[in-house]
C-alpha cells in the first residue's frame, strides 16, 4: 500500500500529471509486486518562489538567467 | 506535541475543516493524553487532478463515471 | 480518501498507537462523512534528538529539566 | 526537479528498493521530460503498527487474519 | 543533501520567502558542512483555515480575537 | 508558527543535529520575525538505501565509488 508525495515545480499540464500518475503507479507495481489499486499518489505544485535550490528560489534564478 | 498533516480532496467547507480540526485534536487528547494546545494540524487541499488512485487521477475517474 | 501523517515523540505503546488510529479515523468519519476504509494513517516516531522546539531538541530540554 | 516521498510498509529488500528508485525515476523522466539527475526520492519504511487503514493498524489486521 | 519542507501561514512576501531560503540554506551549510547547492527547500503556504492549533483553526482564532 | 521537516542522510551526530535545530530556528526568526518558541522542527534520518538520486540509491553510489 505505497503512498507517494510528489513535489513538482508548477506548470505541468493535466496530461503530464496523468502520465506521471500512470507511469509511477506502473513502476511501483513492477518493482514491489503490489496491486495498482493499492497505490496512492499526491501531486504537489510548488510555485517558483517556493522552491529553493542553493540558497535562492527558482523564481530569482530564472529572472537572473532571463 | 503531535504534528498532523491531513491531505484531503479539495471541496471541503470551512465548517467541515473546523469540525475536522476539533474532532482530530480531541482524538489525539483522548488516545495520547496530551494537552490540546500541543496539537498542531495542517490541512492540505488536493485538487482532483493531483490525487492518483490505481494509476489514474480522481479527475479522470470522476469524468469517466459521470 | 484522507491521508494523514502523524508525527509523535517516540515512546508510545502499540496500544496507544492503536487507540490513536481508531480515534482519529472515527474523527475523520464524523467530520467529513467519509467511509472508514478510505482513511489511511501513517504514524512517525520522532526521537527526542530529532524534535526541535524553540531552538533546541526535546532531548536537551529534558536533560536540562532533569 | 521533482522530489518524491514514498511510504512503504517495512520489509522490502535493498534490491526491491533499488528497483523502485530506478523504475520511479525512469517514470518521472518519461512523463515529465526531466533529467534523471534532477529526481530525488526518499523512501520511508513504515512499521505495521504505524500504518493504519480503516481504523486499525496493519499489525492488528494481520494478527486477526493469521 | 538535505531536503526541507517548511510550512508557513500564508501571507509572506516574496522578499521574506527569499530571505528564508537564503538564511535557512546558510544555516544548513554551517551546521552540517554541506555545500549550498545540495540544499533543497520547499515552502508551503498554509491558509488560516487549514492551520489548526489547540483544536481550532487560526482563521477562527483570529476572528475571535479581532 | 513555522513547521519544518528536514530529511538528512543518516550519520549526523547529536551535536550536529543540535546545531542544525539552533541555526535553522534562528534563521526563521531573522527572516520571518517569528518568536523562536513558535518554530517546530522535525529531523528525519534517511538510510543510504532509502535516498535515491539520479535513479540509484546513495548506498549503491557510494559502493561504486569506494
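Protein chains in written order, with our numbering: chain A, 384 to 449; chain B, 384 to 449; chain C, 384 to 449; chain D, 384 to 449; chain E, 384 to 449; chain F, 384 to 449.
Glycine included, each C-beta is placed from N, C-alpha and C at the ideal position.
Since the structure is predicted, the reported quantities are computational estimates derived from the model, not experimental observations.
- Contact between residue 424 (chain E) and residue 404 (chain E) holds: CB atoms are separated by about 5 Å, below the 8 Å threshold.
- Sorting B:428, B:427, B:407, B:437 by C-alpha distance to the C-alpha of residue 418 (chain B) places B:407 at the top.
- With distances taken between CA atoms, residue 394 (chain C) lies nearest to C:430 out of C:422, C:430, C:411.
- For the region 422 to 437 of chain F, the set of positions with a beta-carbon nearer than 8 Å to some beta-carbon of chain B reads 423, 425 in chain order.
- Annotated as distal: residue 414 (chain E) and residue 414 (chain F), with beta-carbon spacing of 8 Å or more.
- Between residue 390 (chain F) and residue 386 (chain E), the CB-CB gap stays under 8 Å.
- With contacts defined as CB atoms closer than 8 Å, residue 448 (chain B) and residue 388 (chain B) fail to qualify as a contacting pair.
- Within a 10 Å sphere around the beta-carbon of residue 416 (chain C) sit fewer than 16 other beta-carbons, which makes this residue exposed.
- Looking at the DSSP output, residue 447 (chain F) shares a beta bridge with no other residue.
- At a Cβ-Cβ threshold of 8 Å, residue 400 (chain A) and residue 433 (chain B) count as neighbours.
- Here residue 440 (chain E) is buried, its C-beta having at least 16 other C-beta atoms within 10 Å.
- Against chain C, the beta carbon of residue 393 (chain D) has no neighbour under 7 Å; the closest one sits roughly 12 Å away.
- Exclusion of the five residues before and after residue 422 (chain E) leaves 385, 408, 411 as the residues of its chain whose Cβ lies within less than 6 Å of its Cβ.
- As computed with DSSP, residue 392 (chain F) is found in a beta bridge with F:429.
- Interface criterion not met: the Cβ of residue 417 (chain E) is under 8 Å from no Cβ in chain B.
- Proximity of residue 386 (chain A) to chain C, defined by a Cβ-Cβ separation below 8 Å, is satisfied.
- Within the same chain, no residue comes within 6 Å of residue 420 (chain A) by CB-CB distance, once the 5 residues on both sides are set aside.
- Per the coordinates, the alpha-carbon of residue 435 (chain C) lies some 19 Å from the alpha-carbon of residue 435 (chain E).
- CA-CA distance, residue 446 (chain E) to residue 397 (chain C), rounds to 39 Å.
- Under the 8 Å criterion on CB atoms, residue 439 (chain D) is classed as non-interfacial with respect to chain A.
- Straight through space, the alpha carbons of residue 442 (chain C) and residue 438 (chain E) are spaced by roughly 27 Å.
- Within the DSSP bridge table, the entry for residue 441 (chain F) names no partner.
- At least one CB of chain E lies nearer than 8 Å to the CB of residue 400 (chain B).
- At a cut-off of 8 Å between beta carbons, residue 407 (chain D) makes no contact with chain C.
- With a threshold of 8 Å between beta carbons, residue 413 (chain B) makes contact with chain C.
- Residue range 434 to 436 is occupied by the beta strand (DSSP E) that includes residue 436 (chain F).
- Residues of chain F with a Cβ closer than 7 Å to the Cβ of residue 390 (chain C) are, in chain order, 425.
- Against chain A, the CB of residue 410 (chain D) has a partner CB under 8 Å away; the residue lies at that interface.
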